[in-house]
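Going by the UniProt record's numbering, the first residue of the sequence shown is number 1, and it counts up by one from there. Structure record follows, encoded as structure tokens.
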Amino acid sequence: MEKQNISIEIFNAKTPRNGITIENVSLNDDILFLKKKFSVLKNLAVERISFRLEPTGKNIADNQLISELKLPVSNAQLYYRDLGPQIAWKTVINKI
Numbered sequence: 001m002e003k004q005n006i007s008i009e010i011f012n013a014k015t016p017r018n019g020i021t022i023e024n025v026s027l028n029d030d031i032l033f034l035k036k037k038f039s040v041l042k043n044l045a046v047e048r049i050s051f052r053l054e055p056t057g058k059n060i061a062d063n064q065l066i067s068e069l070k071l072p073v074s075n076a077q078l079y080y081r082d083l084g085p086q087i088a089w090k091t092v093i094n095k096i
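Listed below in structure tokens is the structure:
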């Protein structure tokens with residue numbers, strides 16, 4: 001079986017203009033792998049990024065495979081949200 005790669009254009013969920021395209025994404029890659037590639041391009045921590053299929057849709061789990069999303073081979077699109085700085089629960093509980 002030949003390994004199929006696609007390009008995915010990723011838009012900001014709040015202002016879906018000017019997307020960022022990530023080339024050569026394997027259908028066997030997971031969302032976490034895509035987040036790592038995207039984080040380098042946007043200079044954001046991986047923990048701050050959430051991907052979704054629609055601008056107002058639910059977050060996609062990090063362990064979900066690209067093939068499971070049933071994206072089209074051409075014009076594949078995802079949306080991201082910047083979740084802001086993430087702090088550990090331990091930090092929150094220690095402050096109480």
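Idealized CB from N, CA, C, for every residue including glycine.
Spatial neighbours of Asp62 in its chain, beta-carbon cut-off 8 Å, leaving aside the 5 residues before and after: Asp30, Ile31, Leu32 and Lys35
Rounded separation between Thr21 and Ala88 - CA only: 31 Å
Extent of the continuous beta strand (DSSP E) to which Ser7 belongs: Asn5 to Asn12
Local conformation of Ile50 per DSSP, three classes: Residue 50 is actually Ser in this sequence, not Ile. In the structure shown, Ser50 sits in a strand (DSSP, three-state: E or B).
Residue interval of the alpha helix (DSSP H) (run including Ile31): Ile31 to Lys42
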